[in-house]
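**Student:** Residue numbers (the numbering used here): 2 to 333.
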Amino acid sequence: MDRRKCGKSDIEIPVLGIGCWSYGGGDYWGEQTQRDVEEVVHAALDQGLNYFDTAEGYNDGRSEESLGKALKGRRDQAIISSKISPNNTEPSVLRQHCEDSLRRLQTDYIDIYYVHWPITEQSVQDAFATLMDLRDEGKIRSVSISNFGVEQMSEALATGAQIDLNQLCYNLLSRAIEIEIVPMCREQEIGIVGYMPLFQGLLAGKYACVDEVPEPRKRTRHFRQDRAQARHGESGAEEETFAAIEGIREIALAEGLPMAQLSIAWAMAKPGVTCVLVGARNRGQLAENAGAAEVSLDPGLIARLDELTQPVLDKLGANPDYWQGSGESRIR
Ligand SMILES: NC(=O)c1ccc[n+]([C@@H]2O[C@H](COP(=O)([O-])OP(=O)(O)OC[C@H]3O[C@@H](n4cnc5c(N)ncnc54)[C@H](OP(=O)(O)O)[C@@H]3O)[C@@H](O)[C@H]2O)c1
């Protein structure tokens, strides 16, 4: 398993990480049994896939709790990341929330601690100073960020904090970060952790048309503004999205690869990417997704996939916030 260094830290993680958002179940993902979680976590650890990503905000803390339970007795084999929500970054609140995450995860340190979204209501300076203190105290091993754009990265770096990773939405149909964020991360030695490589199943070939996609997964800018849970106010790119999916399906078939593996391998091969985080609800999905770690795509194939998905990038533009329109984008 290819392992890559996290920015300037001495932490190494496998190029494929396990996303734990569904753990504990909830409104977005529906039921997720603890038994499936434990099977996935143990099977992942057994094959060296030992990086697990959660957040205090996932299912009101139940994701952290579920992961903590699953790792009981094997915590020392795992690398855990969690995330502090931006509104909880006032120093004393942040400290308390970090303690709460540690308790739910049943551990005394978190390897990678991300600020989940850019901080808008609290002091950026105080937040990052507190995070660096937590690192010096050994409560966390890396200060990292998530969904930060170039201006927000500059603000965070100006605090003097060492920032190792930026976790961002990145998949064949969501490539806005390539425009400005990836170049800046590479320049600053901040590793990219790409999330949603399967675009929540669409890039695994699970849905043949828009109508088959569950409502919550239709709230991104790829879909029309009148989809039930959309809040972006844009016309979407449904035609381009499904044309690209069909093209990717054909390439996967010709290459003899499951579409999920092709999609994940594309993200893993991209410049600046340290790790790709994929969700797996059960052992079957994990087995298929883990196969991507063995797939190496030649540059010609990557270029064809880029070309095929360019119309989606052109239509959705440079806004890396796939949930809110340009005027309201949370990423700048
Ligand atoms: N920092 C952030 O703001 C942020 C935002 C989103 C995600 N994340 C992180 O990134 C992780 C991954 O993102 P994600 O879970 O949203 O999206 P994803 O990895 O693209 O999709 C995962 C979902 O796709 C389905 N799936 C997985 N493997 C499959 C396969 N082989 N065949 C068919 N369907 C398959 C499963 O859902 P069903 O079986 O229900 O279809 C699974 O829950 C999250 O768990 C989280 O840790 C971070």
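Ideal placement from N, C-alpha and C gives every residue a C-beta, glycine not left out.
1) Does the beta-carbon of L317, which I'm using as the reference point, lie nearer than 8 Å to any heavy atom of ligand 1?
2) What residues match up with V274 in a beta bridge as DSSP calls it?
3) Going by DSSP, what residue range makes up the alpha helix (DSSP H) through L263?
4) Where G74 and T131 are concerned, what is the direct C-alpha to C-alpha distance, given to the nearest angstrom?
5) In angstroms, rounded to a whole number, what distance separates the CA positions of N172 and W267?
6) Who are the near neighbours of A79 in its chain, counting only those whose CB is closer than 7 Å to its CB and skipping five residues on each side?
7) Straight-line CA distance for C170 to M197?
8) Quickly, what does DSSP pair V116 with across the bridge? List them, please.
9) Between E91 and Q123, which are expected to be in contact by the criterion C-beta below 8 Å, what is the C-beta distance as a whole number of angstroms?
10) What does the alpha-carbon distance come out to for the pair R232 and Q325?
11) E13 lies in the beta strand (DSSP E); which residues open and close that run?
12) Do the CB positions of V194 and C276 come within less than 9 Å of each other?
13) For V214, which residues of its own chain have a beta-carbon under 6 Å away from its beta-carbon, when the five flanking residues on both sides are left out?
14) Pick out whichever of P300, D307 and G273 has its Cα sitting closest to the Cα of C7.
15) Is the beta carbon of S143 within less than 8 Å of some heavy atom of ligand 1?
16) CB Q262 to CB N290, shorter than 9 Å?
17) Going straight from the alpha carbon of W22 to that of Q168, what length do you get?
18) Which whole-angstrom value is the C-beta distance of T242 and L199, which I expect to be below 8 Å?
19) Are the Cβ atoms of K84 and T55 separated by less than 9 Å?
20) So is R187 buried or exposed if we call it buried at 16+ other beta carbons inside 10 Å?
21) DSSP beta-bridge partners for S175?
22) Out of Q97, V296 and L306, state which residue places its alpha-carbon closest to the alpha-carbon of M2.
23) Ligand 1 and V279: does the residue's C-beta get closer than 8 Å to at least one heavy atom of that ligand?
24) By Cβ distance, which residues of its chain are closer than 8 Å to A1, with the 5 residues on each side in sequence left out?
25) What are the start and end residues of each continuous beta strand (DSSP E) run of 3 or more residues lying completely inside the segment 5 to 39, in chain order?
26) Determine whether the beta carbon atoms of G150 and P119 lie at a separation below 9 Å.
27) In the structure shown, what three-state DSSP assignment does F53 receive?
28) Can you name the start and end residues of the alpha helix (DSSP H) that K70 belongs to?
29) Give me the residue from D61, K271 and G192 with the minimum Cα distance to S145.
30) Threshold first: 4 residues or longer. Then list the alpha helix (DSSP H) segments lying entirely within the segment 290 to 327, N to C.
31) Regarding M154 and ligand 1, is the C-beta to nearest heavy atom distance less than 8 Å?
32) Less than 8 Å separating the Cβ of S327 from some heavy atom of ligand 1?
33) With H, G and I counted as helix, E and B as strand and the rest as coil, what does DSSP make of G74?
34) Report the rounded CA-to-CA distance for M133 versus D165, giving the unit in angstroms.
35) With a threshold of 8 Å, establish whether the CB of A205 neighbours any heavy atom of ligand 1.
36) Alpha carbons only, please: which of E66, Y24 and A270 is nearest the one belonging to R105?
**Tutor:** In short:
1) no
2) I193
3) M260 to M269
4) 30 Å
5) 8 Å
6) L46, N51, F53 and L72
7) 6 Å
8) I85 and I146
9) 5 Å
10) 6 Å
11) E13 to P15
12) yes
13) Y208
14) G273
15) no
16) yes
17) 14 Å
18) With a Cβ gap of about 14 Å, T242 and L199 do not count as contacting.
19) yes
20) exposed
21) N172
22) V296
23) yes
24) For residue 1 there is no data in the structure shown, the boundaries of the chain being 2 and 333.
25) 13 to 15 and 17 to 20
26) yes
27) strand
28) R63 to A71
29) G192
30) 300 to 317
31) no
32) no
33) coil
34) 12 Å
35) yes
36) E66
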